[in-house]
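K.L.:
Structure in structure tokens, see below.
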Amino acid sequence: MDLESCSYVLPLLTCCLFLLYSITCYALAAAAGGGGSCGGSDDHAAPRSYPLVGCLLDFYRNRRRLLAWYTGLLAASPSQTIVVDRLGARRTVVTANPANVEHVLRANFGNYPKGKAFTDVLGDLLGGGIFNADGERWFAQRKLVSHEFSARVMREAVGVALEREARARLLPALDAAAEGGGGVVVVDVQELLRQFAFNVICRVALGGGGGEVALALPLSRLAAAFDAAAAISARRGAAPVAAAWKVKRALGVGSERRLREEVKVIRDAIMEFVRDSSSRRRREQLLAAARGRDDLVSRMAAAGYPDEAICDMVVSFIMAGRDTTSSALTWFFWLMTRHRDVEREVLDEVDACMGDGGDGGGLAGVDLEGSRRARVLHAALCETMRLYPPVAWDSKHAAEDDVLPDGTRVGRGDRVTYFPYGMGRMEAIWGADAGEFRPGRWLAAAAAGGGVSPFKYPVFQGGPRTCLGKDMAFVQMKFVASAVLRRFELRPVAPEGSPEFVPLLTAHMAGGLKVTVRRRQRQNGTCET
């Protein structure tokens, strides 16, 4: 048998073995507890393990409710740490213990890279970009991209992009809905926010500034390709057995074929833009600072990075910025409809900080200085992300054997997952009101002078890999929140109850946030310094 034949036979054999294995697991689960229950579905018990298969049965049965399952198990654990050991996957330590999180993200940072298992899942989409890199390559990229988050860039590039997108698309869409009757036209705020965030991050990364980004295809098509590729990549990471998606990738079928197609759309469009920006003439202009251009692509080209590396960085940059802020804002606006008292406090503060801005000739939303003074809004956004973090969990892989501060053993190659979603619901961390939306806890922490530890609230990670875009994210979120709330009252059309939180690469609200829109009577104030 030649090598080409083997390349097809082996994946097919793997697929057949996995199918047989799945049937066996289902039969075991049915026999263990009647109707597929083996007695381990109780959230207040450790995952039940069996010889050979480990806790795969419990994992498979709870695969559509992993957030609730993990949260219940962690809350019941004395150390807020559990071990998930199942056939077909690496041994995984899941923790909501702040001491463990600090150990992994800061104290023993060098022992916990993302690891090959992580980079394999996202490699087709992100390549070797900063969010899929480790070691020296990660450090060099981080140093270069840190310039994107300076106060000057946020004021000049980000501020311009936010203002333009808000006035060109976001606010007119909401205004049109309000014009339509304030109860007749239904708008999906989540989709509006995703489009807005995508356009803004493209302007910042690709240098569109106040004009349009010159890509070979519409931004809407590029955004759709990112949506599809991110969703399929997320399903890779959640697969009970990694061999399943690897077989499909080898055969080029199903979702893996779609992933390949969408990644090609993304990379072809960005690569064409990069090659144009990296031309010899453009390099000479950049090096001479003839045009003073200072976007990410131009700076990487001037630094001598090859086109492929620039493309990887741009894809990573867009992925990081496109859905995180829109996810947080979607939940923020939903929470404002449930807590009108907090909304009123936010509005009072925004009115005071913006004065005569808004619909007149001023800015659409709070600027950089106003953003820094908006303490109530900041607290409300932090509390939103405590309960609904844009990234529900994140994993590292141990380079060497280790022991966590709570005594949990970690073997070389083990996955260690810290769990912001579950941590936000731990009474051991936040007290008896952990499940309640209470922005005052952040104001109290700030007043006490200590703030909240990033290892207790790792929404932006912590340690050397702390999110560089944290300040930019808050600037963007505060701009949008102030621009929208000051002009419009949003009323959800869905019945009472909490929407479903869906944890893909970046979390979103299942079904979107459907609202009707009414214009709000704005109160003016004086910004206090």
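Residue numbers (mature numbering (1 follows the signal peptide of the UniProt record, and there is no 0)): -27 to -1, 1 to 502. The beta-carbon is built from N, C-alpha and C at its ideal position, and this holds for glycine as well.
DSSP has R382 in a bridge; who is on the other side?
P.N.:
Answer is V376.
K.L.:
Pairing CB atoms from the stretch 56 to 67 with CB atoms from the stretch 29 to 44, are three or more of them under 8 Å?
P.N.:
Yes, the stretch 56 to 67 is in contact with the stretch 29 to 44.
K.L.:
Does at least one heavy atom of the ligand GTP sit under 7 Å from the Cβ of A467?
P.N.:
The ligand GTP is not part of this structure, which contains no ligands at all.
K.L.:
Alpha helix (DSSP H) containing D367: first to last residue?
P.N.:
No alpha helix (DSSP H) contains D367, which is instead part of the beta strand (DSSP E) from D367 to H370.
K.L.:
Tell me where the beta strand (DSSP E) around L463 begins and ends.
P.N.:
From DSSP, the beta strand (DSSP E) with L463 extends over F461 to P465.
K.L.:
If R346 sits next to C326, beta carbons under 8 Å apart, how far is it from one beta carbon to the other, in whole angstroms?
P.N.:
At roughly 5 Å, the Cβ-Cβ gap stays under 8 Å, so R346 and C326 are in contact.
K.L.:
Can L166 and L320 be called in contact, C-beta distance under 8 Å?
P.N.:
Going by C-beta atoms, L166 is not nearer than 8 Å to L320.
K.L.:
Take A483 and list the residues in its own chain whose beta-carbon comes closer than 7 Å to its own, dropping the five residues that flank it on each side.
P.N.:
Closer than 7 Å at Cβ, skipping near neighbours: P472, E473 and V475.
K.L.:
Would you mind reading off the limits of the beta strand (DSSP E) that contains I55?
P.N.:
Residues T54 to V57.
K.L.:
Under the three-state reduction of DSSP, which class applies to D280: helix, strand or coil?
P.N.:
Helix, per DSSP.
K.L.:
Are the CB atoms of S294 and L135 nearer to each other than 8 Å?
P.N.:
The amino acid at residue 294 is misidentified as Ser; the sequence shows Gly. No; because the gap between Cβ atoms is not below 8 Å, this pair is not in contact.
K.L.:
Which residue or residues does DSSP assign as beta-bridge partners of P393?
P.N.:
Paired residues: none, contrary to the question.
K.L.:
Verify whether the separation of the beta carbon atoms of G101 and D367 is less than 8 Å.
P.N.:
No, they are not a contact pair.
K.L.:
In this structure, does DSSP put K487 in helix, strand or coil?
P.N.:
Here K487 sits in strand by DSSP.
K.L.:
Does the contact criterion of 3 or more C-beta pairs under 8 Å hold for the stretch 357 to 372 versus the stretch 393 to 412?
P.N.:
These segments touch.
K.L.:
Taking DSSP as the reference, what is the three-state secondary structure of V67?
P.N.:
If DSSP states are grouped into helix, strand and coil, V67 belongs with the strands.
K.L.:
So what does DSSP say about H481, is it helix, strand or coil?
P.N.:
Three-state result, H481: strand.
K.L.:
Let's test the definition: count the other Cβ atoms within 10 Å of the Cβ of A262 and tell me whether it reaches 16, buried, or not, exposed.
P.N.:
The predicted model places A262 with a pLDDT of 46, which falls under 50 and marks its position as unreliable; any figure quoted below should be read in that light. Under this definition A262 is an exposed residue.
K.L.:
Should R37 be labelled buried (16 or more other beta-carbon atoms within 10 Å of its own) or exposed?
P.N.:
Classification of R37: exposed, given that the 10 Å Cβ count is below 16.
K.L.:
Tell me whether the beta-carbon of I243 lies closer than 8 Å to the beta-carbon of V173.
P.N.:
Contact flag unset, no.
K.L.:
Which residue comes first and which comes last in the beta strand (DSSP E) that contains V475?
P.N.:
Residues F474 to P476.
K.L.:
Should G404 be labelled buried (16 or more other beta-carbon atoms within 10 Å of its own) or exposed?
P.N.:
Exposed, since its Cβ has fewer than 16 Cβ neighbours within 10 Å.
K.L.:
Is R493 helix, strand or coil by DSSP?
P.N.:
Note: R493 maps to coil in three-state DSSP.
K.L.:
Closest by CA to T298, which one among I283, P363 and R248?
P.N.:
Considering only alpha carbons, the answer is P363.
K.L.:
How is G27 classed by DSSP in three states: helix, strand or coil?
P.N.:
Strand at G27.
K.L.:
Rounded to a whole number of angstroms, what is the C-alpha to C-alpha distance between G61 and P86?
P.N.:
Cα to Cα, the separation comes out at about 21 Å.
K.L.:
Go ahead and pull the three-state DSSP assignment for D161.
P.N.:
D161 falls in the strand class under three-state DSSP.
K.L.:
Please report how far the alpha carbon of F392 lies from the alpha carbon of S50, in whole angstroms.
P.N.:
Distance between the alpha carbons of F392 and S50 is about 14 Å.
K.L.:
So, do the stretch 450 to 470 and the stretch 137 to 155 have three or more beta carbon pairs nearer to each other than 8 Å?
P.N.:
Verdict: yes, contact present.
K.L.:
Our contact map puts V131 next to M445 with C-beta atoms below 8 Å; I'd like the distance itself, whole angstroms only.
P.N.:
Contact flag correct, Cβ pair sits at about 6 Å.
K.L.:
Counting Cβ pairs closer than 8 Å, one from the stretch 229 to 246 and one from the stretch 198 to 211, do we hit at least three?
P.N.:
Because the criterion of three Cβ pairs below 8 Å is met, the stretch 229 to 246 and the stretch 198 to 211 touch.
K.L.:
Closer than 8 Å by C-beta to N81: which residues in its own chain qualify, once you throw out the five before and the five after it? Chain order, please.
P.N.:
Same-chain partners within the cutoff: D375.
K.L.:
Do you know offhand how far residue 522's Cα is from P378's?
P.N.:
This structure gives no information on residue 522, because the portion of the chain shown stretches from -27 to 502.
K.L.:
By the three-class DSSP mapping on this structure, what secondary structure does R21 have?
P.N.:
R21 falls in the coil class under three-state DSSP.
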